[in-house]
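**Student:**
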Amino acid sequence: MTQTVTAQAARLGGYDDASRLRQAQDTDWVLGFADPTARSVADLGCGIGSLLAAALDRLPDAVDALGLDREESRLAEARRKLAPYATRVRFRFVQADLRRPPQLADDAGSTAFDLVTLTAVLHWIHPDEEQLVRWISMRLRPGGAFLLTTHHPEHDEYGFGGSDDLARQALVRLGHAAEDVPRLLAAAGIIPIAVRTLSVDDTATLLDAYFDIDGVDERPALVRAASGEEYQRFHAATFGTYYSRLVGADRQEDYFRAIGEVAQHRLDTDGHITQMPVRLWRCRPRASRPAETARPAETARQPIGG
Ligand SMILES: C[S@@+](CC[C@H](N)C(=O)[O-])C[C@H]1O[C@@H](n2cnc3c(N)ncnc32)[C@H](O)[C@@H]1O
291 MTQTVTAQAA RLGGYDDASR LRQAQDTDWV LGFADPTARS VADLGCGIGS
341 LLAAALDRLP DAVDALGLDR EESRLAEARR KLAPYATRVR FRFVQADLRR
391 PPQLADDAGS TAFDLVTLTA VLHWIHPDEE QLVRWISMRL RPGGAFLLTT
441 HHPEHDEYGF GGSDDLARQA LVRLGHAAED VPRLLAAAGI IPIAVRTLSV
491 DDTATLLDAY FDIDGVDERP ALVRAASGEE YQRFHAATFG TYYSRLVGAD
541 RQEDYFRAIG EVAQHRLDTD GHITQMPVRL WRCRPRASRP AETARPAETA
591 RQPIGG
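When you line the sequence shown up against the working numbering, it's residues 291 to 596, in that order.
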C-alpha cells in the first residue's frame, strides 16, 4: 500500500523515484569529469548509493568505495543497491554527520581517495563547510579529484529562494501571512536553504584555500514533475520534515497538500517548479601546485571540458 506523504517525509523515503526529477539528472555530467583510472572512491552524502553505483560502472579499476550518509535508512538502501559490486569492490558504509566529519577506521594510514564526490550536500553543512573541505583535502591522493556540485538559487531580501519560496507559498495557503514566514522559520530554527548556500564567490574562496580548482561548469537545474502530486512526493523525499515541522504534527498532510497545489500552479503557469543554476567544481590536491605560483581563484579556474 502506498504510504502517506507524511509518513514518507518522516522517514525520507522514496528517494529512488524522487531523485529522477533532479539529482539523477546530474550523475553523468558529474562523473564525466572523473578520472577513469580511480581505484578508491568516496561519495559523501551517498544517499541510497545511486551516484556510487554509477561511478563503479564507469571505473573498472575501482576496488575501494566509501559511502557515507547521516541517514541510516538511506545507507541501508545503499548497501542493498551496491551488493552486486561486492565481488570486486571493498565497501565501507559509514553513518556520520559531515558537519563533524568522522575519523575513519584506518585514518592514520591508508584512507586516501582518488575520487571524492559531494553532490548537492554542501548547503546542509552550513556553517561548518570549511571543516569538511579541510577534512576532504587531507584525504585526497596526489592526482585525485574532488567533484562538488552546488546549487545557487536567486533569493529575496529574506534570503528565501528555490524551495524556501515554495514552502512559503504553501504556508500562505495554510493561512500564514507571507511577511510572517521568515520570522516563523527563524523562531523554529529553520534556516532557509538559500541562506545556507554559499555564493559562487564564497564557494570559490573556500575551495581555493585547500585545493587547486582546475575546472568549473554550470548549467540550469530545472525541477519539473508530471503533476503537483509527484512534486509533493519529491519534496517529502528530499526535504523530509525540514519545512513541514513548522506547522506541527496535526497539519503535516495539509502542508504537503499545499506544496502539491503550489507546484501544480507553477507547472500550469511556468512549465517547471523551480529553476536555478547548478555548478560543478573539479578540485585537485593543493600539493600539485607550488604555493608561490598560486593564483587567485578567479583566474585559476578554467571551464571544464572547454
Ligand atoms: C542530494 S542527496 C545526494 C545523494 C547521492 N550523492 C547521489 O547523488 O546519489 C544528499 C545526501 O546528503 C545527505 N546529508 C545531508 N546532510 C548531511 C550531513 N550533515 N551529514 C551526512 N550526510 C548528509 C542526505 O541524507 C542525502 O542522502
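Note that CB positions come from ideal geometry on N, CA and C, so glycine has one too. Bear in mind the structure is a predicted one, so any value in this text is a computation, not a measurement.
To which residues does DSSP link A511 through a beta bridge?
**Tutor:** Paired residue(s): M566.
**Student:** Could you tell me which of L497, A515, R535 and A435 sits nearest to R329, measuring between CA atoms?
**Tutor:** Ranking the options by Cα distance to R329, first place goes to A435.
**Student:** Cβ of D387 versus every heavy atom of ligand 2: is any distance shorter than 7 Å?
**Tutor:** This structure lacks ligand 2; its bound ligands are ligand 1.
**Student:** Just to confirm my understanding: we take A460, look at its own chain, exclude 5 residues before and 5 after, and list those with CB closer than 7 Å. What are they?
**Tutor:** Around A460: Y545, A548, I549 and V552.
**Student:** Comparing the CB of D359 with every heavy atom of ligand 1, is any distance shorter than 7 Å?
**Tutor:** Checking every heavy atom of ligand 1 against the Cβ of D359, one is found closer than 7 Å.
**Student:** Measure from the alpha carbon of L299 to the alpha carbon of each residue in Y521, D498, L349 and L341, then state which is nearest.
**Tutor:** First, the residue type needs correcting, since residue 299 is Ala and not Leu in the sequence shown. Answer by Cα proximity: Y521.
**Student:** Is it right to say M566 is buried, meaning 16 or more other beta carbons lie within 10 angstroms of its own, or is it exposed?
**Tutor:** Flag for M566 reads buried.
**Student:** Assign A526 to one of three DSSP states: helix, strand, or coil.
**Tutor:** If DSSP states are grouped into helix, strand and coil, A526 belongs with the helices.
**Student:** Helix, strand or coil for R576? Go by DSSP, reduced to three states.
**Tutor:** Note: R576 maps to helix in three-state DSSP.
**Student:** Determine the DSSP secondary structure at V320, reduced to helix, strand or coil.
**Tutor:** In the structure shown, V320 sits in a helix (DSSP, three-state: H, G or I).
**Student:** What do you reckon, are the CB atoms on D333 and T407 nearer than 8 Å?
**Tutor:** Taking 8 Å as the Cβ cut-off, D333 and T407 qualify as a contacting pair.
**Student:** How about the region 305–320 and the region 523–537: do they share at least three Cβ pairs that are nearer than 8 Å?
**Tutor:** Result yes; three or more Cβ-Cβ pairs closer than 8 Å.
**Student:** I'd like to know if the region 567–576 and the region 491–508 are in contact, where contact means that at least 3 CB-CB pairs between them fall below 8 Å.
**Tutor:** Yes, the region 567–576 touches the region 491–508.
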